[in-house]
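Beneath this line is the structure, given in structure tokens, with notes to follow.
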Amino acid sequence: MKSIKIKRGLATASLGVLALLSATGQAQAGKAKADTVVHSGKIYTGVDKEPWVEAVAIRDGVVVAAGKSGKMLKRAATDATLIDLGGRMAMAGIIDAHSHPVDGAVMKLFECTFPFSATPDEIAAAVTACVAGAGDEPWIAGGQWDSNFFVNNKIASPRKFLDKVSGGKAVGLVDDSGHNAWLNTKALKLVGITAQTPDPAGGRIGREADGKTPNGVLEETAATIASPFLTAHTPEQFAAAVEEMQVMLNGLGITAVKIANMPDEHLEAVALADADGDLRLHVTTSLATHYGARSEKLDVAGLISKRDQYKTANVNTNAVKIFLDGVPTAARTAGMLAPYAPDSHFPDGYLGEMHLTEELLAADMTALDAAGFAVKIHTAGDGSVRRALNAIEVARKANGMGGKQHELAHAGYVDPADIARFKALNVAPDFSPFIWSPSPIIDSVVQAVGPRGEHYWPTKDLIESGAVIVAGSDWPSAVSSPSPWPGIETLVTRRAADGDYDGALWPEEAVSLEDAIEIYTENSATALDVENVTGRIEKGAIADIIVLSQNIFDVDPAKISDTEVVLTLFKGKVVSAKGPFEALTAGK
Ligand SMILES: [Zn+2]
Numbered sequence: 000m001k002s003i004k005i006k007r008g009l010a011t012a013s014l015g016v017l018a019l020l021s022a023t024g025q026a027q028a029g030k031a032k033a034d035t036v037v038h039s040g041k042i043y044t045g046v047d048k049e050p051w052v053e054a055v056a057i058r059d060g061v062v063v064a065a066g067k068s069g070k071m072l073k074r075a076a077t078d079a080t081l082i083d084l085g086g087r088m089a090m091a092g093i094i095d096a097h098s099h100p101v102d103g104a105v106m107k108l109f110e111c112t113f114p115f116s117a118t119p120d121e122i123a124a125a126v127t128a129c130v131a132g133a134g135d136e137p138w139i140a141g142g143q144w145d146s147n148f149f150v151n152n153k154i155a156s157p158r159k160f161l162d163k164v165s166g167g168k169a170v171g172l173v174d175d176s177g178h179n180a181w182l183n184t185k186a187l188k189l190v191g192i193t194a195q196t197p198d199p200a201g202g203r204i205g206r207e208a209d210g211k212t213p214n215g216v217l218e219e220t221a222a223t224i225a226s227p228f229l230t231a232h233t234p235e236q237f238a239a240a241v242e243e244m245q246v247m248l249n250g251l252g253i254t255a256v257k258i259a260n261m262p263d264e265h266l267e268a269v270a271l272a273d274a275d276g277d278l279r280l281h282v283t284t285s286l287a288t289h290y291g292a293r294s295e296k297l298d299v300a301g302l303i304s305k306r307d308q309y310k311t312a313n314v315n316t317n318a319v320k321i322f323l324d325g326v327p328t329a330a331r332t333a334g335m336l337a338p339y340a341p342d343s344h345f346p347d348g349y350l351g352e353m354h355l356t357e358e359l360l361a362a363d364m365t366a367l368d369a370a371g372f373a374v375k376i377h378t379a380g381d382g383s384v385r386r387a388l389n390a391i392e393v394a395r396k397a398n399g400m401g402g403k404q405h406e407l408a409h410a411g412y413v414d415p416a417d418i419a420r421f422k423a424l425n426v427a428p429d430f431s432p433f434i435w436s437p438s439p440i441i442d443s444v445v446q447a448v449g450p451r452g453e454h455y456w457p458t459k460d461l462i463e464s465g466a467v468i469v470a471g472s473d474w475p476s477a478v479s480s481p482s483p484w485p486g487i488e489t490l491v492t493r494r495a496a497d498g499d500y501d502g503a504l505w506p507e508e509a510v511s512l513e514d515a516i517e518i519y520t521e522n523s524a525t526a527l528d529v530e531n532v533t534g535r536i537e538k539g540a541i542a543d544i545i546v547l548s549q550n551i552f553d554v555d556p557a558k559i560s561d562t563e564v565v566l567t568l569f570k571g572k573v574v575s576a577k578g579p580f581e582a583l584t585a586g587k
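Numbering (numbering that gives the first Met the number 0), first residue to last: 0 to 587.
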């Protein structure tokens, strides 16, 4: 794939790390003394010329040399921190190019949660327990029910089902995709949805047998009517969520994250954490735009001022998120080129729905690209992928190829004719491999899409075309954890990472472990615009280094998801340490 040379000057400029030699005479024979040496390990560098080294010498958070342990230890200053890896595998920190970790942490800390596999009885029990523990709180938000829940469980009135366990409180629960919501009667009343409320464009209000009374299920843009209530939290809660997010991500080996769809409250919380010196992640934020059908052009000037307002040393706000469609599950809200499998709830030849016309998207893309934004477009169907590529082509023709790389998120369905266009237009497919791990959501997708449903996520075809695939967890959408390890395993095996589901999804598209690591490190760095400073271990790179509980090159690929990260260095400092390294926990 793409070979990227780390540029030391940029590291200094963009992330404020002083990598240059001090003029104090410490630098004997022109070589800076290292303040930290990680040694006696099997360190995967991601650099073709020298993929494995034993040791890394670090100074002021930047890699100054990598090679044999003896040689690197000789570079240590007398008071240097020496970290003996004891033969363990280490590699560059994981870069998650698509996640919603503030939402995930808020949900974990403050909401009513149950597993995706929860049955109606289990959901009733979970809500009962949350109601009992909620005190005076009038509103209970939580989730996440599986996308096929109402297909597999015939519930006459979903709202009345919740009413029985709500104890007089308003209850709203989101599904595993985050696109659909389930409200009880009190919650419907609170958000103002009645029998007279029409379905919003790009969404549906589920109705009871009379065809009018809302049944409590809100799909796509209808669910956004409830989101101000579902997502309401205090600034203190968001601050706590940012801290929780960092502990979780650092603990899983993630040192950089692109937060895909950032509302203002989250921007505020992340910017405050960075201003306080509390950020232990490189963060790139995709500024949120209107969700759902839109006929007006985006307010690009407004996005530019938001970019300026929230940018901090470690937070890159130069990115925007646009939703073009929904999800190709039973809800059939992704835009497709060929009809979904027939279903009595949908007209014959149904192609799903897209939120924007090609002309409007092209106008938005041209303006955003000219303003220097990297745009992530949510495209879950092959129809929306085509429309987005067409719009980007218009933007590239107008502005030239000098703009940022753009991304198509969840581009799992790609018509063969569009594969080569990713590289040609400098567009990265943004994959969520953990999600395709065979599971209820995949069953729902394959059933809904019909005969070509299994031709999902053409990883190998895209790599062979020269496209730079980036990847993320998309947590808390569809996955229960932001862990990258099930995703890395699934790229290699195309099987369920937890072993709970049988079968492989389009196994011909499996890739090598080297490719999978590249996707999760240096490739994903391009989506955060940090490819010149992190994603590989080599001289001049920021020392974002993780140490693993097992050498993933030596284990059965089906065991990659069991990997634990026992040590995480962010800019050369220990930010997470477990097991054999517990004594190193130095705090932030
Ligand atoms: Zn997402």
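By construction, the Cβ of each residue, glycine as well, lies at the ideal position given by its N, Cα and C atoms.
A distance below 9 Å separates the beta carbons of lysine 257 and histidine 97. Between asparagine 151 and isoleucine 440, the CB-CB gap reaches or exceeds 9 Å. Taking a cut-off of 8 Å for Cβ pairs, the stretch 94-109 and the stretch 457-476 touch, as three or more such pairs fall below it.
In this structure, ligand 1 has a non-hydrogen atom nearer than 8 Å to the beta-carbon of serine 476. Taking all protein chains in view, the Cβ of methionine 364 is crowded by 16 or more other Cβ atoms within 10 Å, so the residue is classified as buried. In the DSSP assignment, glutamate 406 falls within the beta strand (DSSP E) that extends over 405-408. Counting C-beta pairs closer than 8 Å gives fewer than three between the stretch 353-368 and the stretch 269-281, which falls short of the contact rule. Listed in chain order, the alpha helix (DSSP H) runs fully inside the stretch 45-84 are 68-73, counting runs of at least 4 residues. Straight across, the Cα-Cα distance linking aspartate 324 with isoleucine 468 is about 20 Å. Around the C-beta of serine 294, fewer than 16 other C-beta atoms lie within 10 Å, and the residue is accordingly described as exposed.
With fewer than 16 other beta carbons inside 10 angstroms of its own, valine 246 counts as exposed. For asparagine 260, the shortest C-beta to heavy atom distance toward ligand 1 is below 8 Å. In this structure, DSSP gives methionine 400 a state outside helix and strand, which the three-state scheme calls coil. Remark: the C-beta of histidine 405 is outside contact range of ligand 1, defined as less than 8 Å to any heavy atom. Judged by beta-carbon spacing, glutamine 549 lies beyond the 9 Å limit of methionine 244, meaning their Cβ atoms are not closer than that value. Within its own chain, the residues whose Cβ lies closer than 7 Å to the Cβ of arginine 385, once the five positions on either side in sequence are excluded, are Leu336, Asp414 and Asp417, listed in chain order.
Note on methionine 400: under 16 other CB atoms within 10 angstroms of its CB, so exposed under the neighbour-count rule.
Within the chosen limit of 8 Å, ligand 1 reaches the beta carbon of aspartate 473 through at least one heavy atom. Distances from the CB of alanine 318 to the heavy atoms of ligand 1 are all 8 Å or more.
In this structure the stretch 554-565 touches the stretch 494-512; the number of beta carbon pairs closer than 8 Å is three or more. Sixteen is the threshold: since fewer than 16 other Cβ atoms of the shown chains lie within 10 Å of the Cβ of histidine 344, the residue is exposed. In the DSSP annotation of this structure, the continuous segment of the beta strand (DSSP E) that includes proline 428 starts and ends at 426-430. For histidine 281, the shortest separation between its Cβ and any heavy atom of ligand 1 does not lie below 8 Å. Judged by beta-carbon spacing, threonine 254 lies beyond the 9 Å limit of glycine 215, meaning their Cβ atoms are not closer than that value.
Between ligand 1 and the CB of alanine 128, the shortest heavy atom gap is not smaller than 8 Å. Bounds of the beta strand (DSSP E) holding leucine 566 are 564-569. Assigned with DSSP and collapsed to three states, glutamine 143 falls in strand.
Proline 483 is positioned such that its CB atom lies closer than 9 Å to that of phenylalanine 433.
Straight across, the Cα-Cα distance linking serine 226 with arginine 74 is about 55 Å. In the three-state reduction of the DSSP assignment, isoleucine 192 falls in the coil class, being assigned neither a helical nor a strand state.
Annotation: lysine 375 to phenylalanine 237 spans about 24 Å, alpha carbon to alpha carbon. No heavy atom of ligand 1 is found nearer than 8 Å to the CB of histidine 289. Considered as a whole, the stretch 441-496 harbours 458-463 and 484-492 as its complete alpha helix (DSSP H) runs of no fewer than 4 residues, in chain order. A distance of 9 Å or more separates the beta carbons of asparagine 260 and leucine 280. Proximity to leucine 187 across Phe228, Pro199 and Ala208 peaks at Phe228, based on C-alpha coordinates. Classified as buried, serine 165 has 16 or more neighbouring CB atoms from the shown chains inside 10 Å of its CB.
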